[in-house]
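Asker: One structure coming up, written as structure tokens, with questions to follow.
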Amino acid sequence: MTGTKLMEKIVSLAKRRGFVYPGSEIYGGLAGTYDYGPMGVLIKNNIKDLWWRMFVLGRDDVYGLDAAVLMNPMAWEASGHVSGFSDPLVECEKCKRRFRADHLDESGICPECGGALGKPRQFNMMFKTHVGATEDESSITFLRPETAGGIFVNFKNVVDTMHPKMPFGIAQVGKGFRNEIAPRDFIFRLREFEMMEVEYFVKPAEWERSFEEWKEAMHAFAEAIGLPEEHLYELEVAQEDLAHYSRRTVDFEFDFPFGRKELWGLAYRTDFDLLAHAKMSGTELSYLDEEAKERFVPHVIEPSLGVDRTVLAVLASAYREDELGGETRTYLAFSPKVAPVKAMVSPLLKNKPELVAKAREVLAELRKIHPSIAWDDNGNIGKRYRRQDEIGTPFCITVDFDTLGERPELKDTVTLRHRDTGQQERVAVAEAGKRIREALA
Numbered sequence: 000m001t002g003t004k005l006m007e008k009i010v011s012l013a014k015r016r017g018f019v020y021p022g023s024e025i026y027g028g029l030a031g032t033y034d035y036g037p038m039g040v041l042i043k044n045n046i047k048d049l050w051w052r053m054f055v056l057g058r059d060d061v062y063g064l065d066a067a068v069l070m071n072p073m074a075w076e077a078s079g080h081v082s083g084f085s086d087p088l089v090e091c092e093k094c095k096r097r098f099r100a101d102h103l104d105e106s107g108i109c110p111e112c113g114g115a116l117g118k119p120r121q122f123n124m125m126f127k128t129h130v131g132a133t134e135d136e137s138s139i140t141f142l143r144p145e146t147a148g149g150i151f152v153n154f155k156n157v158v159d160t161m162h163p164k165m166p167f168g169i170a171q172v173g174k175g176f177r178n179e180i181a182p183r184d185f186i187f188r189l190r191e192f193e194m195m196e197v198e199y200f201v202k203p204a205e206w207e208r209s210f211e212e213w214k215e216a217m218h219a220f221a222e223a224i225g226l227p228e229e230h231l232y233e234l235e236v237a238q239e240d241l242a243h244y245s246r247r248t249v250d251f252e253f254d255f256p257f258g259r260k261e262l263w264g265l266a267y268r269t270d271f272d273l274l275a276h277a278k279m280s281g282t283e284l285s286y287l288d289e290e291a292k293e294r295f296v297p298h299v300i301e302p303s304l305g306v307d308r309t310v311l312a313v314l315a316s317a318y319r320e321d322e323l324g325g326e327t328r329t330y331l332a333f334s335p336k337v338a339p340v341k342a343m344v345s346p347l348l349k350n351k352p353e354l355v356a357k358a359r360e361v362l363a364e365l366r367k368i369h370p371s372i373a374w375d376d377n378g379n380i381g382k383r384y385r386r387q388d389e390i391g392t393p394f395c396i397t398v399d400f401d402t403l404g405e406r407p408e409l410k411d412t413v414t415l416r417h418r419d420t421g422q423q424e425r426v427a428v429a430e431a432g433k434r435i436r437e438a439l440a
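Going by numbering that gives the first Met the number 0, the letters in the sequence shown line up with residues 0 to 440, in that order.
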């Protein structure tokens, strides 16, 4: 299957099964925006929750934060975004379409209509807005283009309230906004997106050790969400291509259906941000090591992970087609930890009250293990299995007459079906719960 064909199938399944919808679709859409449907919300939240457990709750040295999207515009002047957060833009003199200059060849010809392209000019990608009742230069601010800014301006607050020992991190998950010239590739490049970031503050001489530790943590997260190691690559960013704040950056690239592209980033930001904000705000942003009686401006390691790109990578990694029972089948081989639904419970026949009642009892029991256990009694059992395969449900549990004791030796047992193989086995209800618990461990 070609990359283009695979991408088309992923996009189609994502809409058909409630993962991702085009933004504002009934009005013709809005480029660079997508809405997450019922299944998409679940998988997105599972990814964020797992990241939070691994990068924040599972550590003693990282503190959570939820900073405001709107900030004093001076913060973006200090960070360099007002003056330097831009991409080269060219406009077709014929059709007036605009493109990123670095995404075009050197022909100078419009890829859409064949017209001549104008000269490149810089285009700032921050969205402007106004705060308050007046709309003049004094009320301009921006929707944040990254979540890191809110962390840096709260550095002093976290130090003063939590009294952390060095090294320590501040983490948050939140929305960012960039007026991309050419959003593309489904949810890969968006104008409204979500990020999971840590700013990890270290002593200047210890940054290399922390850099390697966070690189290992990112690989561990990739494994936890089911990204194949053979499709994940580390790219050492060349010195001439580094961002203005970075002394070293490693891009984690992934084999998407449309090619190998950046998935996550790990940057050594030095002390650029704290020094810049201290200078602009006039506030001291240093750290006092009370044991060493030493005051210094910490350096920063930043593991930055895009939520939307991670969702896309998980979808692409999980997509499968095979033949089962003589029919072509599509299924999503999600890791149970990120699967939107962990198991489905179903009565063999929905018009038999005794089966439905027993299946409801099993559902209630399994939801004590995990709340995301689905109920499905619509259509025949084969169609139910196919629906659950397409949303990536690891287990399907069917309650039948043997569960009720038609054969006494099978009373209180159910049929447990495995998504990836389609194989079924007879197990006790308690054993089915154990299998679910083990898969989520």
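Positions of the beta carbon are idealized from the N, C-alpha and C atoms, including for glycine.
(1) For L314, which three-state DSSP category applies?
(2) Based on Cα-Cα distance, which residue from Y33, K14, G381 lies nearest to S23?
(3) Within 10 angstroms of its Cβ, does P346 collect 16 or more other Cβ (buried), or is it exposed?
(4) Where do the N-terminal and C-terminal ends of the beta strand (DSSP E) with H298 fall, by residue?
(5) Would S245 and R208 qualify as a contact pair, given that the criterion is a beta-carbon distance under 7 Å?
(6) Terminal residues of the continuous beta strand (DSSP E) containing Y26?
(7) Using only alpha-carbon positions, find the residue among A74, D65, S138, N178 that is nearest to L29.
(8) Going by the beta-carbon positions, is the gap between G31 and R190 smaller than 7 Å?
(9) Can you give me the start and stop residues for the alpha helix (DSSP H) that L5 sits inside?
(10) Please determine, among L403, P393, Q121, L287, the residue with the shortest C-alpha to C-alpha distance to A431.
(11) For W374 and V344, what's the separation of their Cα atoms in angstroms?
(12) Unbroken alpha helix (DSSP H) runs of length 4 or more, entirely within the region 145-223: which are they?
(13) Could you pull out every unbroken beta strand (DSSP E) segment of at least 3 residues lying fully inside the region 112-148, listed in chain order?
(14) Which of helix, strand or coil does DSSP assign to Y327?
(15) Label L231 either buried or exposed according to how many other C-beta atoms from any shown protein chain fall within 10 Å of its C-beta, with 16 as the threshold for buried.
(16) Here's the rule I'm using: 16 or more other beta-carbon atoms within 10 Å means buried, otherwise exposed. How should T146 be labelled?
(17) Could you say which of S334, A266, L241, V413 lies nearest to I42 if we only look at CA atoms?
(18) With a threshold of 16 other CB atoms inside 10 Å of the CB of M161, please say whether the residue is buried or exposed.
(19) Pick helix, strand or coil for S345, following the three-state DSSP scheme.
(20) Suppose the cutoff is 7 Å on Cβ atoms and the five residues either side in sequence are ignored; what does the same chain contact list for F220 look like?
(21) Within its chain, find whatever has a CB closer than 7 Å to the CB of H129; leave out the 5 residues flanking it on each side and keep chain order.
(22) Within 10 angstroms of its Cβ, does G391 collect 16 or more other Cβ (buried), or is it exposed?
(23) State buried or exposed for Y26, treating a residue as buried only when at least 16 other CB atoms are found within 10 Å of its CB.
(24) Can you name, in chain order, every residue of its own chain whose Cβ lies under 7 Å from the Cβ of G175, other than the five neighbours on each side?
(25) Leaving out the 5 sequence neighbours to the left and right, which residues in its chain are closer than 6 Å to G17 when beta-carbon positions are compared?
(26) Please tell me whether E261 and D250 are closer than 7 Å, where the distance is taken between their beta carbons.
(27) Using the rule of at least 16 other Cβ atoms within 10 Å of the residue's Cβ for burial, across every protein chain shown, is P444 buried or exposed?
(28) Anyone know if the C-beta pair for R308 and A181 falls short of 7 Å?
Answerer: Quick answer:
(1) Working through the sequence shown from its first residue, we reach residue 314 at position 315. Helix.
(2) Numbered from its first residue, the sequence shown carries residue 23 at position 24. Taking only the C-alpha atoms, the option nearest S23 is Y33.
(3) Position 347 of the sequence shown, counted from the first residue, corresponds to residue 346. Buried, because 16 or more other Cβ atoms sit within 10 Å of the Cβ of P346.
(4) As a first step, residue 298 must be located in the sequence shown, where it is residue number 299. First-last of the beta strand (DSSP E) with H298: 298-305.
(5) Walking along the sequence shown from the start, residue 245 turns up at place 246. Walking along the sequence shown from the start, residue 208 turns up at place 209. No, the Cβ-Cβ distance between S245 and R208 is not below 7 Å.
(6) Here residue 26 refers to the residue found at position 27 of the sequence shown. Unbroken run through Y26: none, as it is neither H nor E.
(7) Within the sequence shown, residue 29 is the residue found at index 30, counting from 1. Residue N178 is the option with its Cα nearest to L29.
(8) The count along the sequence shown starts at 1 and reaches residue 31 at position 32. The count along the sequence shown starts at 1 and reaches residue 190 at position 191. Yes. Within cutoff.
(9) Counting from one through the sequence shown, the residue named residue 5 turns up at place 6. Its alpha helix (DSSP H) spans residues 2-15.
(10) For the purposes of this step, residue 431 is taken as residue 432 along the sequence shown, with counting starting at 1. If we check each option's Cα against that of A431, P393 comes out closest.
(11) In the sequence shown, counting from the first residue as 1, residue 374 sits at position 375. In the sequence shown, counting from the first residue as 1, residue 344 sits at position 345. W374 and V344: Cα-Cα distance of roughly 5 Å.
(12) 147-152, 154-161, 206-223
(13) 120-123, 127-129, 139-141
(14) Translated into the one-based positions of the sequence shown, residue 327 becomes position 328. What sits at residue 327 in the sequence shown is Thr, not Tyr. In this structure, T327 counts as strand in the three-state DSSP scheme.
(15) Locating residue 231 in the sequence shown gives position 232, counting from the first residue. With 16 or more Cβ atoms within 10 Å of its Cβ, L231 is classed as buried.
(16) Mapped onto the sequence shown, residue 146 falls at position 147. Flag for T146 reads buried.
(17) Mapped onto the sequence shown, residue 42 falls at position 43. Looking from the CA of I42, the closest CA among S334, A266, L241, V413 belongs to S334.
(18) Here residue 161 corresponds to residue number 162 of the sequence shown, with the count starting at 1. Exposed, since its Cβ has fewer than 16 Cβ neighbours within 10 Å.
(19) Counting from 1 along the sequence shown, the entry for residue 345 is found at position 346. Strand.
(20) Here residue 220 is taken as the residue at index 221 of the sequence shown, counted from 1. Excluding positions up to five away in sequence, the list reads W50, M53.
(21) Taking the sequence shown and counting its residues from 1, one reaches residue 129 at position 130. Within the same chain, H129 has close Cβ partners S138, I139.
(22) Taking the sequence shown and counting its residues from 1, one reaches residue 391 at position 392. Burial call: buried.
(23) Residue numbering aside, residue 26 sits at position 27 when the sequence shown is read from its first letter. Burial call: exposed.
(24) Translated into positions along the sequence shown, residue 175 becomes position 176. Answer for G175: R143, P144, E145, T146, F192, M194, listed in chain order.
(25) Here the question's residue 17 lines up with position 18 in the sequence shown. G36, P37, M38.
(26) As a position in the sequence shown, residue 261 is number 262, starting the count at 1. As a position in the sequence shown, residue 250 is number 251, starting the count at 1. For the 7 Å CB-CB criterion, E261 and D250 form a contact.
(27) The chain is shown from 0 up to 440; residue 444 falls before or after that span and cannot be answered.
(28) Numbered from 1 along the sequence shown, position 309 holds the residue referred to as residue 308. Numbered from 1 along the sequence shown, position 182 holds the residue referred to as residue 181. In this structure, A181 does not lie closer than 7 Å to R308 by Cβ.
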